[in-house]
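Data block below; observations after.
In the working numbering, the protein residues as written are 78 to 304.
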C-alpha cells in the first residue's frame with residue numbers, strides 16, 4: 078500500500094511543477110533519483126545507458142576509454158557504473174549544485190560549475206567520453222551555444238548528449254523544461270563540428286570521417302514509402 082507521500086511523489090513525476098523555484102538540494106535528488114515512487118530510473122536502466130555510451134565511444138576510439146567528463150553530473154551517479162566497467166578510468170564531474178559538490182565533491186572528483194562554465198574551469202581534457210545527460214533541455218539556446226564551444230574542445234572521442242525534445246512524452250522533472258524540435262539540436266551540434274552517430278552519441282570533429290554512412294544519425298531517417 079502506497080503512503081500519501083508516495084502517491085504525491087508519483088503524481089508530481091507526471092505533471093509540470095511550476096509553483097516552485099528549482100533548487101538542486103538533497104530533497105531534489107531524493108525525489109528524482111532515490112524514492113521508488115518518483116525516481117526517474119532504477120539502477121539497471123542507468124547501467125544500460127552507461128554501457129551504451131562506453132561501447133559507442135570505444136567502437137570509434139578502437140580501445141577502452143581512459144577518461145570521462147560528466148557535465149551536470151548531479152551526485153555522480155554515472156561514476157559508479159563507469160568505474161564498474163573501466164576500473165582505471167579517470168572521472169571528472171561538473172555540477173552546479175552546491176549541495177552535491179559539498180557532499181560528494183572530494184570523494185567523487187566533482188567540481189562546482191555549470192554548462193556555461195566549462196571554459197573557465199581549466200579541466201584536464203580532452204576526455205575520451207563526455208557525458209551531458211538530462212541537462213540541455215533545461216537551458217536557453219544561447220546558454221547551450223556558449224557552452225558547446227568548450228565542450229567540443231574537451232571531447233576527444235564521443236559526447237553523449239542525452240536530452241528530450243518535443244517528440245517525446247515526458248515524465249520526471251518538468252520545471253523549466255524546454256521541449257524543442259530535434260532538428261534544432263541536430264543543426265546546433267553539427268554547426269560546432271560534432272557528427273551524430275545515433276543514440277545521443279556525437280563524435281568529436283577529429284573523428285568525423287570514421288562512421289560508415291548508416292552509422293551517421295540524420296533528420297532524414299523517416300521510413301521510405303514502399304511500393
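For glycine and all other residues, C-beta sits at the position ideal for the given N, C-alpha and C.
If I measure Cβ to Cβ from residue i and keep anything under 8 Å in the same chain, skipping five residues before and after, which residues do I get?
| i | result |
| --- | --- |
| residue 285 | 270 and 272 |
| residue 198 | 171, 188 and 190 |
| residue 254 | 93, 214, 215, 241 and 247 |
| residue 299 | For residue 299, the pLDDT reaches just 39, beneath the cut-off of 50, and the residue's location in the model is therefore unreliable, although a value from the coordinates is still provided. Nothing meets the Cβ criterion. |
With DSSP run on the structure shown, which of helix, strand or coil describes residue i?
| i | result |
| --- | --- |
| residue 236 | strand |
| residue 247 | coil |
| residue 270 | coil |
| residue 202 | coil |
| residue 256 | coil |
| residue 287 | coil |
Starting from residue i, trace the alpha helix (DSSP H) in both directions and tell me its first and last residue.
| i | result |
| --- | --- |
| residue 215 | Where residue 215 is concerned, there is no enclosing alpha helix (DSSP H), given that its DSSP letter is neither H nor E. |
| residue 157 | 154-162 |
For the beta strand (DSSP E) containing residue i, name the first residue and the last one.
| i | result |
| --- | --- |
| residue 182 | Looking at the DSSP string, residue 182 is not in any beta strand (DSSP E); the run it does join, the alpha helix (DSSP H), is 175-185. |
| residue 123 | Here residue 123 belongs to no beta strand (DSSP E); instead the alpha helix (DSSP H) covers 120-138. |
| residue 280 | 278-280 |
Bridge partners for residue i per DSSP, in chain order?
| i | result |
| --- | --- |
| residue 172 | 189 |
| residue 208 | 147 and 237 |
| residue 167 | 144 |
| residue 224 | Looking at the DSSP assignment, residue 224 forms no beta bridge with any residue, so it has no partner. |
Can you give the Cα-Cα distance for residue i and residue j, rounded to whole angstroms?
| i | j | result |
| --- | --- | --- |
| residue 134 | residue 168 | 15 Å |
| residue 181 | residue 175 | 10 Å |
| residue 184 | residue 219 | 33 Å |
| residue 122 | residue 196 | 31 Å |
| residue 210 | residue 264 | 19 Å |
| residue 231 | residue 145 | 10 Å |
| residue 163 | residue 206 | 12 Å |
| residue 203 | residue 137 | 15 Å |
| residue 127 | residue 227 | 23 Å |
| residue 278 | residue 236 | 6 Å |
| residue 294 | residue 243 | 18 Å |
| residue 194 | residue 256 | 23 Å |
| residue 260 | residue 268 | 12 Å |
| residue 292 | residue 179 | 41 Å |
| residue 282 | residue 225 | 13 Å |
| residue 290 | residue 233 | 21 Å |
| residue 258 | residue 266 | 13 Å |
| residue 222 | residue 212 | 13 Å |
| residue 140 | residue 120 | 26 Å |
| residue 274 | residue 238 | 11 Å |
| residue 302 | residue 192 | Per-residue confidence for residue 302 stands at a pLDDT of 40, beneath the threshold of 50, marking its modelled position as unreliable; no derived number is given. |
| residue 201 | residue 245 | 35 Å |
| residue 336 | residue 217 | An answer regarding residue 336 cannot be provided, because it is not within the stretch 78 to 304 covered by the chain. |
Spatial neighbours of residue i within its chain, please: CB distance less than 7 Å, with the 5 preceding and 5 following residues excluded, ordered by chain position.
| i | result |
| --- | --- |
| residue 124 | 158 |
| residue 129 | 276 |
| residue 186 | 168, 169 and 170 |
| residue 166 | 142, 143, 144, 145, 159 and 160 |
Which same chain residues, not among the five before or five after residue i, have their C-beta less than 6 Å away from its C-beta?
| i | result |
| --- | --- |
| residue 147 | 155, 170 and 208 |
| residue 297 | Reliability of the predicted coordinates at residue 297 is poor, the pLDDT of 39 falling under 50, and no value is obtained from them. |
| residue 153 | 170, 181, 185 and 187 |
| residue 132 | none |
| residue 288 | 274 |
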